[in-house]
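Q: Going left to right, the sequence shown walks through residues 25 to 332 as the numbering used here numbers them.
Below you will find the structure I want to go over with you.
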Amino acid sequence: MKYCAETSHYFSKQNTNKIGGVMTRTHDFARYIGAFMVLLISSPIFAQDVSPPSGDPAYISPDARLQTLFNDGLALTESPAEGPDGMIYFSDITFTSAATEAGWEAGHIWRYNPKTGETAMFRSPSGMSNGLKFDAQDRLIVAEGADYGGRRVTRTDMKTGKSYIIAGQYEGQPFNSPNDLAIDEQGRVYFSDPRYVGHESLDQPIMAVYRIDPDGTIHRIITDASKPNGVVISPDQNTLYVVSNDNGSFDVGRITADIPTRKGQMALLAYDLHPDGSATFRKLLVDYLPEDGPDGLTVDVEGNLYIA
Numbered sequence: 025m026k027y028c029a030e031t032s033h034y035f036s037k038q039n040t041n042k043i044g045g046v047m048t049r050t051h052d053f054a055r056y057i058g059a060f061m062v063l064l065i066s067s068p069i070f071a072q073d074v075s076p077p078s079g080d081p082a083y084i085s086p087d088a089r090l091q092t093l094f095n096d097g098l099a100l101t102e103s104p105a106e107g108p109d110g111m112i113y114f115s116d117i118t119f120t121s122a123a124t125e126a127g128w129e130a131g132h133i134w135r136y137n138p139k140t141g142e143t144a145m146f147r148s149p150s151g152m153s154n155g156l157k158f159d160a161q162d163r164l165i166v167a168e169g170a171d172y173g174g175r176r177v178t179r180t181d182m183k184t185g186k187s188y189i190i191a192g193q194y195e196g197q198p199f200n201s202p203n204d205l206a207i208d209e210q211g212r213v214y215f216s217d218p219r220y221v222g223h224e225s226l227d228q229p230i231m232a233v234y235r236i237d238p239d240g241t242i243h244r245i246i247t248d249a250s251k252p253n254g255v256v257i258s259p260d261q262n263t264l265y266v267v268s269n270d271n272g273s274f275d276v277g278r279i280t281a282d283i284p285t286r287k288g289q290m291a292l293l294a295y296d297l298h299p300d301g302s303a304t305f306r307k308l309l310v311d312y313l314p315e316d317g318p319d320g321l322t323v324d325v326e327g328n329l330y331i332a
């Protein structure tokens, strides 16, 4: 495994292949590796100098240059995904504590045009969108978080614009704050459900990873990942990687410097993913403590992980 810091969940030139009768997307990271880095750090709150690339030069050229593609976000940009129209869609998570102007609450989804370099609003409010993925039918799957968000997972038909709720509750209660997404070759959607921000009550007894089956049933499949964040499936469909990022708070917007917190697990985990969609045999791949852990991650066709 090779690790590359400052990459994002999913921002790549995609090629479409047919595997086992299911249309899937593969990734060409070379084209957009610089843009991976920019979207994560371009929001004003997180703007800072970027250190030069390091690691395997076969993955990041020493001549690589960063381009600023977007710097109009409010707080935190997340989860770039290439749509069927060739546009790059990404979330702008507008924390209420940072949204001092009307119209910025509950998040945005922006759409970037690689040909013109222009970015336009796609959806506002976005239901506090976080993770974005396009499925094999070119439908947009969105994880909507808390802080005046939907706390659900939705699917949008990009041809008609109509949206559907595919996961709104579990055992009769809202989710904590759906965060990141992965889709397997069977069309099953996996999503993490931590909580980092939001005034809403915590209605699930644990921060977990769930699976949505094509028939609409929802299963809680991972309960021992502490505070799961990024999720991704290996190309051979045999491993589910999960980032555990426990920052010690359920609402960072209300934590001030005089309130002490204690971070929990900061790790990269791997689970055996079985044909029935269950995940077992938790393995610790990287323990990041005492440093902070990652957020999102993605994987290339060779199984190499790229971790933000």
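Think of the CB as a built atom: it goes at the ideal place given N, C-alpha and C, for glycine as much as any other residue.
Helix, strand or coil: which one does DSSP assign to residue 276?
A: Of the three classes helix, strand and coil, the one that applies to residue 276 here is helix, per DSSP.
Q: Would the stretch 141 to 150 count as touching the stretch 199 to 218 if we require 3 or more Cβ pairs under 8 Å?
A: No: the two stretches stay apart, fewer than three of their Cβ pairs being nearer than 8 Å.
Q: I'd like the list of long-range same chain contacts for residue 302, defined as Cβ closer than 7 Å, with 5 residues on each side in sequence excluded.
A: Answer for residue 302: 245, listed in chain order.
Q: Between the Cα of residue 299 and the Cα atoms of 183, 267, 237, 250, which residue gives the shortest distance?
A: For residue 299, the nearest C-alpha among the options comes from 237.
Q: Give me the residue from 227, 174, 176, 240 with the minimum Cα distance to residue 212.
A: It is 240.
Q: Per DSSP, residue 158 is paired with what?
A: The partner list for residue 158 (beta bridge, DSSP) reads 164.
Q: How many Å lie between residue 131 and residue 164 at the Cα?
A: For residue 131 and residue 164, the distance between alpha carbons rounds to 16 Å.
Q: Please report the residue range of the beta strand (DSSP E) in which residue 252 lies.
A: Here the beta strand (DSSP E) through residue 252 covers 252 to 257.
Q: Can you tell which of 133, 308, 266, 231 has its C-alpha closest to the C-alpha of residue 180?
A: Answer by Cα proximity: 133.
Q: Output the boundary residues of the beta strand (DSSP E) element that contains residue 269.
A: Taken as a continuous stretch (DSSP letters only), the beta strand (DSSP E) holding residue 269 covers 263 to 269.
Q: For residue 249, which residues of its own chain have a beta-carbon under 7 Å away from its beta-carbon, when the five flanking residues on both sides are left out?
A: So the qualifying residues of the chain are 233, 266, 268, 293.
Q: The beta strand (DSSP E) that contains residue 217, what's its start and end?
A: Counting along the chain, the beta strand (DSSP E) containing residue 217 begins and ends at 213 to 217.
Q: For residue 322 and residue 215, I'd like the C-alpha separation in whole angstroms.
A: So the alpha carbons of these two residues sit roughly 14 Å apart.
Q: In the DSSP assignment, the beta strand (DSSP E) including residue 90 goes from what residue to what residue?
A: Neither: residue 90 is in no beta strand (DSSP E) and is coded neither H nor E.
Q: Leaving aside the five residues before and after residue 186 along the sequence, list all residues of the same chain whose C-beta is less than 8 Å from its C-beta, in chain order.
A: So the qualifying residues of the chain are 180.
Q: Count the other CB atoms, across all protein chains shown, that sit within 10 Å of the CB of residue 284; report buried if there are 16 or more and exposed otherwise.
A: Under this definition residue 284 is an exposed residue.
Q: Does DSSP put residue 114 in a helix, in a strand, or in coil?
A: Three-state DSSP puts residue 114 in a strand.
Q: First and last residue of the beta strand (DSSP E) that includes residue 244?
A: Residue 244 -> beta strand (DSSP E) spans 242 to 246.
Q: Give a yes or no on whether the C-beta atoms belonging to residue 154 and residue 103 are separated by under 8 Å.
A: Cβ atoms of residue 154 and residue 103: closer than 8 Å.
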